[in-house]
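Chains as they are written, first to last, in this note's numbering: chain A, 1 to 90; chain B, 10001 to 10422; chain C, 20001 to 21002; chain D, 30001 to 30181. Below is one structure, written out as structure tokens; comments come after it.
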Ligand SMILES: Cc1cc2nc3c(=O)[nH]c(=O)nc-3n(C[C@H](O)[C@H](O)[C@H](O)COP(=O)(O)OP(=O)(O)OC[C@H]3O[C@@H](n4cnc5c(N)ncnc54)[C@H](O)[C@@H]3O)c2cc1C
Ligand SMILES: NC(=O)c1ccc[n+]([C@@H]2O[C@H](COP(=O)([O-])OP(=O)(O)OC[C@H]3O[C@@H](n4cnc5c(N)ncnc54)[C@H](O)[C@@H]3O)[C@@H](O)[C@H]2O)c1
Ligand SMILES: Cc1cc2nc3c(=O)[nH]c(=O)nc-3n(C[C@H](O)[C@H](O)[C@H](O)COP(=O)(O)O)c2cc1C
Ligand SMILES: [Zn+2]
């Protein structure tokens, strides 16, 4: 599989570390809600089809990429930057 | 027809013309007492035990492909109960008990072969971790032996036990009663056994939706030969392993503590016996044994990403083969024959889920990760009990869906809620 | 060489050179020519039986001329280079080659294992599932019977024997990138490569064989006025000169992965006796292509009829190639049996080369005139509308029986005629080699006209061409190759190139066969030659309900042998289809999986063979080794376990080292600690969210011990973090945790709180680090540190200061893992050695003792400090008695879920220490139980970190015990049945050394 | 104040000069940096950091190493302090890495071949022009690859892995022959 790091360009997925479902969003820092945190930590949609997921380009620029990928065909639909520079890079 | 050496001889004399189908190919009825979705090892064994232990025979197993087309037909066949945590330890040892009798129970040779599973350790710290596990096993009444390097070398002559190895072997933990079984035979044996007790095995029949009354599941909608139809049931059990996410979504359960990933397996060309047992590498992730046909069957890590594709990618090839030839440098010229993938239902703690619910009328069996083949007998046995009694058996009482959110994971590796680390 | 070599001349035996090559087969010397394969050389020498089959040990001869060979498997070379199951059809002859037959005893010509044939029909498909279950006694007994049987079965099964020695050769990898990968060098591949190259695309072309050109190598056609072979060789030579073209011979594209990533394996040195210095035996090419042209040709398939496995029965095109390319007649008298035109042309080409063709038998009545004319050129007797109903011979073909055959009914009739022959060349038509597309999940499609599956619609950027795409004619092969290239160029966003198709003067051949693959007459007819799967087995599988193709395959093992059914799958399918009364496409095909042909495991490991993982070393590594340290593999790191003096074992050494630290001073290399530079205006805020305890108010010049939790509330990692400046921190992590902590921080920065201005950099390798510990540690520092006050006031507990040692800039933090007065001294890694030596020198007077991991661990165990074994992923801070480090003033990662009820239960596994009551060591991994050795009872917890405590003068261990906090004083046993140990222990407070902390604060 | 001792490379006794035949496909070498510093800008200060970097004097190599991030080598010492003065914390972060890397250089007609045998990036000059930098890895060893010429590269290798990497590159060089300078 080849992923396109918005900064480094296209690379083997071996250069990246998978970090899972990008739709799981951490509750705000102020939240002490056990339910909200439980949902963030344990609930997964696990779709058969397009999955938005995080990959850290650990062997490259070490920033995260949100990859939209089809879990059935492994087709990569998009690779988008996240993080402090996401806006600058888009 | 009962299988035996005598039957084989008799039939051979008649030109093998009198053999009958191992199981029927029935048309679906419109209603059953119990439907099991998934004609894998767990679905079939559940049906078998429902009929044989609980006398519930009006049962259908619904399989979208051919029986055994899922992970039961594509795993590396390792059967063991060398667990560290008590709930797993008890459950898998129950499975071992059932394995030992399975060929007789089913009148089908599942080739359960207790050739021993050896986990290698590469430094004193790892030896202690092995001891910790081995001791737990002993205290649970499961045989285990801690071997030093010489004992390991005697058991597996091909292993590089030299001190110059990158990760020198310090010793290992052996479960002498663990081993392998013939994967396809397990599926076929349970299928034939269940069929003989009256269970309908519906192949080529895909569940595409659930029938609901309010929140209660009252059956399924299936596609069969290109046509849609309904099959009703009092109780519906889901045992679809890697497809759990897909199937549960049809029932409206759209989030679970499970992710699907692909695990690859590999088999080499057939050669004369070269390793007697199952060996795992301790400084990486690799397990290898040799099939009765002579192929080295091996596997390692999952491909670290969500997937419903039964095929993986190259990095895992490089990883497992480099570990294999590091352990056995005399294997370098042996050749890889075939590789394939299976879709794994990775749970958030690496342990399974066998439970009533999560909806009324429904029962769930999932979260098997890399390790559900060895569970096949006990899983079916417990799931059948759970379905029949509407209540978990002691052995699976802790394998709940709630345990994650309650803070009681059964986390052998301590890897936390990152499914692909288990 | 015996008389099977033909009269070599231009066009006959062009693959061979004049050089004579000596080799041995089963210990007997033979000669061949350079250019021969082992198979062609054996044929030339009249060797007919080269192997035995898997199950029945029936004699097997050479069947094909390529990698699809099911029969001719031999063991090549000896000792560490011994390689079983090599296809003789692919082995290029080299001087001194040693080959042996396998799976036969005592010899391939007389194999006692043929007894396996005697039980005849009892060894039918799947018979082993029905028997060997043993006496019906429960438990172990029942299994044992099977287990005994299994030992015999395992020994009987298996093909060749693996080597007992390590492979001395090396393997390499190559990473390659291209616009267009062309697989196959035949007409279609060549046309594609030419067109793509002319457009300026970066092209890699791979060909499995040593020669380029595929079928053109032996084609009778004239291209641009030249014999096909010469034309194609020139064309490839020219193309290979282009700077944008890489041509790889002996390179099989084995696996097709996602995003047009391929694994191709080049056999760099298999055609010579052994690799030259520095040369790999094989090279694994990882190729990333923007687009791909697959032109892998087609595989000929056989016919199924009784006796079809006798040595002497071979594929027609293979027989043709042996004659034309290798100048070798596969036999003295050859009969051809075909269902299509290509069999006839093979006969004609063979006859032209000097081979004697005795008969041509075609199941069809309707054969085109020009094909019949070609047949007439052979002067063979011709039988159309006829079929071979039996191959006869003892161990080798001696004659075939032929009867009339009706294509319409599939029945044979009429008089049986015997045709003597020692080779039967069979052709059942051609199956496109769509293995690569199938690997990716491409669904093959049935073409009724061609009686073959075609690759079907692409699901990645691939384009099929030539015979592989059902374009069998030479013209259409060239054309489809070019068309594929045009599409591939478009995939790459490149302009089209030029056409360079030659003018072709040659046969026009209709490749469509008659839909006949099996001749149904009584007798043992084989479908899978290697696995001895017969037509009867297929019928039996059907009878028993194994009718899905995938069940058929698994029940009979059809197609599961080393050839993966390349030549047998279609026959199996057609028999199954017929049995079910369904058309072939309704039965479907089994899935092809990578690799295309078996690949050496060493090649897959590539450069990692012999070099599994990079070693990670601290700057002081050499000094430790020189000092006699026993090194310990700790993740990627190699670290000193203990510095054994002559005659000392590890335990004696670590006890000595520990005492030295407690009494005077010791030093330990802690450079492996993870170190992360955390900088920025929001650095303090970031750390405050990551750690469970407070960091916002940590003063500059101070360090603090911190706990990190996972979001589910369990402990993740720990370490000290130093505030160097308002906006600058140096975080340390555990050695093993370094990588995962870095990723944890990066995730929270990038994804969760991207607005925080903080920069995270791993500086693990920037800093060498030495901990100096013991009551004399301050004195040591006093002796060597300049530019910094190391007094208690100048550098209080947890203080962090800059200084210098022997001119080396250092950072010193007063931290204690050991419980003693202690310092961690950090310096630039390239000065690490100098720092170590300087400290050693400064400590001389105090007998400063270097200590290893064991003593390091002992010191912290005695102090009750937790580390890896206690942070096992199942413990919370509360379990380890670190509840005080949970800040209630702020929220942090893990704080919400840490509040879950279960974590405050009293029966959780809680940290305690235990001490041995009877002087016996508590071995690692012991469990805590209440009962005596013979009846220990259940596990109530386990020991985590053990040592001999010089402080208490007994063996102690940290442990996690159910409800442990309230059980101090209780007597239990530390039980380790696997080590035969059962030690009486007392539960004690884990803070053994200096619980008040007077020493480290002093 | 005592003079700073000389920095010692982990490769000091491995990368010994060694001439091969004239047919050597590659030449390998090794050096330490006098100064190697990483600078990270904040999203709104990229321009300011770029400007600060443009004013650096001396033998400077600036290698982009991530969004708003650069790795900078100076042939003289003290770059970290100089940069810290130019780039206060409100503008960016400055991290010294002088000791964190060893530079292994490779040149010669076969250098692309040797590198590609272990590193999965496209080394052709159209994909990787002279002067550019790539961040990648060789198995577990992270690498910053700087192309200094048509057939020459500097590889910034993590110090603790530098021996392992050197051993690999020597092995990889054996097929084409190598010399060490
Ligand atoms: C490569 C690999 C190696 C492994 N190695 C081991 C090992 O060594 N030891 C071990 O113990 N475990 C191993 N496992 C795990 C083990 O194989 C599985 O955990 C176990 O087989 C799962 O249970 P099952 O047999 O019921 O699943 P499956 O066989 O996957 O059964 C699920 C069935 O449900 C069917 N299904 C899915 N959706 C539908 C639907 N909508 N309608 C109808 N039917 C549907 C599927 O077609 C499938 O047949 C391995 C797995 C893999 C992939
Ligand atoms: N003898 C016959 O009757 C016969 C049969 C089929 C095709 N042909 C002729 O061949 C021509 C078709 O040319 P073509 O180019 O399609 O096929 P081809 O057979 O000429 O070439 C295919 C080439 O691909 C190679 N190959 C296959 N799989 C490979 C892999 N995985 N990796 C690397 N190499 C691989 C083969 O070794 C072969 O050299 C036509 O002229 C056709 O008439 C002849
Ligand atoms: C234990 C085991 C042994 C296997 N041995 C062989 C073998 O010897 N030859 C073979 O072709 N396939 C072998 N296979 C693989 C199967 O052919 C097949 O790839 C696997 O069941 C997955 O199915 P699929 O490839 O059709 O998806 C084996 C599979 C397993 C699980
Ligand atoms: Zn990147």
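Backbone N, C-alpha and C fix where the C-beta goes; we use that ideal spot for every residue, glycine too. Here the structure is a predicted model, which is why all the values come from computation and not from measurement.
Does the Cβ of residue 20130 of chain C have 16 or more other Cβ atoms within 10 Å, making it buried, or fewer, making it exposed? Translated into positions along the third chain, residue 20130 of chain C becomes position 130. Residue 20130 of chain C is buried by the Cβ-count criterion.
What do you reckon, is the C-beta of residue 20819 of chain C under 7 Å from a heavy atom of ligand 4? Taking the third chain and counting its residues from 1, one reaches residue 20819 of chain C at position 819. Answer for residue 20819 of chain C: no, Cβ out of range of ligand 4.
At the 8 Å Cβ level, is residue 29999 of chain D part of the contact set with chain A, yes or no? Look at the range of chain D in this structure, 30001 to 30181, and you will see that residue 29999 of chain D is not part of it.
C-beta atoms of residue 30023 of chain D and residue 30099 of chain D nearer than 8 Å: For this step, residue 30023 of chain D is matched to residue 23 along the fourth chain. For this step, residue 30099 of chain D is matched to residue 99 along the fourth chain. Not in contact: residue 30023 of chain D and residue 30099 of chain D (Cβ atoms no closer than 8 Å).
Pair every Cβ in the segment 20402 to 20413 of chain C with every Cβ in the segment 20430 to 20448 of chain C, then say whether three or more of these pairs are closer than 8 Å. no
Measuring straight from C-alpha to C-alpha, what distance separates residue 10283 of chain B and residue 18 of chain A? As a working mapping, residue 10283 of chain B is identified with position 283 in the second chain. As a working mapping, residue 18 of chain A is identified with position 18 in the first chain. Residue 10283 of chain B and residue 18 of chain A: Cα-Cα distance of roughly 21 Å.
Can you pull the chain B residues whose beta carbon is under 9 Å from the beta carbon of residue 20167 of chain C, in chain order? As a first step, residue 20167 of chain C must be located in the third chain, where it is residue number 167. Correct list: 10325, 10329, 10330, 10331, 10332, 10333.
Kindly say whether residue 7 of chain A, judged by its beta-carbon, lies nearer than 8 Å to any beta-carbon of chain B. Numbered from 1 along the first chain, position 7 holds the residue referred to as residue 7 of chain A. By this cut-off, residue 7 of chain A is not an interface position.
Measuring from the CB of residue 10423 of chain B, is there a heavy atom of ligand 3 at a distance below 7 Å? Residue 10423 of chain B is absent from the model: chain B starts at 10001 and stops at 10422.
Is there a Cβ of chain A sitting closer than 8 Å to that of residue 10306 of chain B, yes or no? Locating residue 10306 of chain B in the second chain gives position 306, counting from the first residue. Answer yes: the Cβ-Cβ gap between residue 10306 of chain B and chain A drops below 8 Å somewhere.
Of all the beta strand (DSSP E) runs that stay within the bounds of the segment 20248 to 20307 of chain C, which reach a length of 3 or more residues? 20251 to 20257, 20261 to 20266, 20282 to 20294, 20298 to 20300
State buried or exposed for residue 20913 of chain C, treating a residue as buried only when at least 16 other CB atoms are found within 10 Å of its CB. As a first step, residue 20913 of chain C must be located in the third chain, where it is residue number 913. Result: buried.
Could you please give the first and the last residue of the uninterrupted beta strand (DSSP E) stretch that includes residue 10269 of chain B? Within the second chain, numbered from 1, the residue matching residue 10269 of chain B stands at position 269. Unbroken beta strand (DSSP E) run through residue 10269 of chain B: 10258 to 10270.
Just checking: is the beta-carbon of residue 68 of chain A within a distance shorter than 8 Å of some beta-carbon in chain B? Position 68 of the first chain, counted from the start, is the residue given in the question as residue 68 of chain A. No, its Cβ sits nowhere closer than 8 Å to a Cβ of chain B.
Completely contained beta strand (DSSP E) runs for the segment 20180 to 20206 of chain C, where each covers 3 or more residues: 20203 to 20206
Hey, which unbroken runs of the beta strand (DSSP E) at 3 residues or more fall wholly within the segment 10106 to 10133 of chain B? 10117 to 10121
May I ask you to report which of helix, strand or coil DSSP gives residue 10149 of chain B? Walking along the second chain from the start, residue 10149 of chain B turns up at place 149. Note: residue 10149 of chain B maps to helix in three-state DSSP.
Cβ-based neighbour list, residue 20365 of chain C, same chain, cut-off 6 Å, excluding 5 preceding and 5 following: Looking up residue 20365 of chain C in the third chain gives position 365. Only 20384, 20385 meet the Cβ criterion.
Is residue 10009 of chain B near ligand 1 - that is, is its Cβ less than 7 Å away from at least one heavy atom of it? What you label residue 10009 of chain B is simply residue 9 of the second chain in a count that begins at 1. No.
Return the Cβ separation of residue 10120 of chain B and residue 10172 of chain B in integer angstroms, given the expectation that the two are a contact with Cβ distance under 8 Å. Along the second chain, one-based indexing puts residue 10120 of chain B at 120. Along the second chain, one-based indexing puts residue 10172 of chain B at 172. So it is a contact: roughly 5 Å between Cβ atoms.
How about residue 63 of chain A: is its Cβ closer than 7 Å to a heavy atom in ligand 4? The residue given as residue 63 of chain A occupies position 63 in the first chain. Yes, the Cβ of residue 63 of chain A comes within 7 Å of a heavy atom of ligand 4.
With a cut-off of 8 Å on the beta carbons, I'd call residue 30175 of chain D and residue 20282 of chain C a contact; round off their distance for me. On the fourth chain, position 175 is the one that residue 30175 of chain D refers to. On the third chain, position 282 is the one that residue 20282 of chain C refers to. With 8 Å as the limit, residue 30175 of chain D and residue 20282 of chain C do not qualify as a contact, their Cβ atoms being about 13 Å apart.
Return the residues of the segment 74 to 88 of chain A that lie within a Cβ-Cβ distance of less than 7 Å from chain B, sorted by chain order. 74
Among the residues of its own chain, which have a CB less than 7 Å from the CB of residue 20738 of chain C, if the five just before and after it don't count? Here residue 20738 of chain C is taken as the residue at index 738 of the third chain, counted from 1. So the qualifying residues of the chain are 20674, 20764.
For residue 20882 of chain C, collect the residues of the same chain with a Cβ closer than 7 Å to its Cβ; drop the 5 residues on either side in sequence, then sort them by chain order. To locate residue 20882 of chain C, count along the third chain from 1; it is residue 882. Excluding sequence neighbours, residue 20882 of chain C sits near 20707.
Is residue 20472 of chain C close to ligand 2? I mean its beta-carbon at under 7 Å from any heavy atom of the ligand. Counted from its first residue, the third chain places residue 20472 of chain C at position 472. Because some heavy atom of ligand 2 lies under 7 Å away, the Cβ of residue 20472 of chain C counts as near it: yes.
Closer than 9 Å, Cβ to Cβ, to anything on chain A: give me those residues from the segment 10381 to 10405 of chain B, in chain order. 10404, 10405
Using a C-beta cutoff of 8 Å, does residue 30174 of chain D count as contacting chain C? Counting from one through the fourth chain, the residue named residue 30174 of chain D turns up at place 174. Yes, residue 30174 of chain D counts as interfacial toward chain C.
Does DSSP classify residue 20394 of chain C as helix, strand or coil? Residue 20394 of chain C sits at position 394 when you count from the first residue of the third chain. Three-state DSSP puts residue 20394 of chain C in coil, outside helix and strand.
Between the beta-carbon of residue 20643 of chain C and the beta-carbon of residue 20629 of chain C, is there less than 8 Å? Looking up residue 20643 of chain C in the third chain gives position 643. Looking up residue 20629 of chain C in the third chain gives position 629. Against a cut-off of 8 Å, the Cβ pair of residue 20629 of chain C and residue 20643 of chain C comes out as a contact.
Is the beta carbon of residue 20513 of chain C less than 8 Å from the beta carbon of residue 20340 of chain C? Here residue 20513 of chain C is taken as the residue at index 513 of the third chain, counted from 1. Here residue 20340 of chain C is taken as the residue at index 340 of the third chain, counted from 1. Yes, they are a contact pair.
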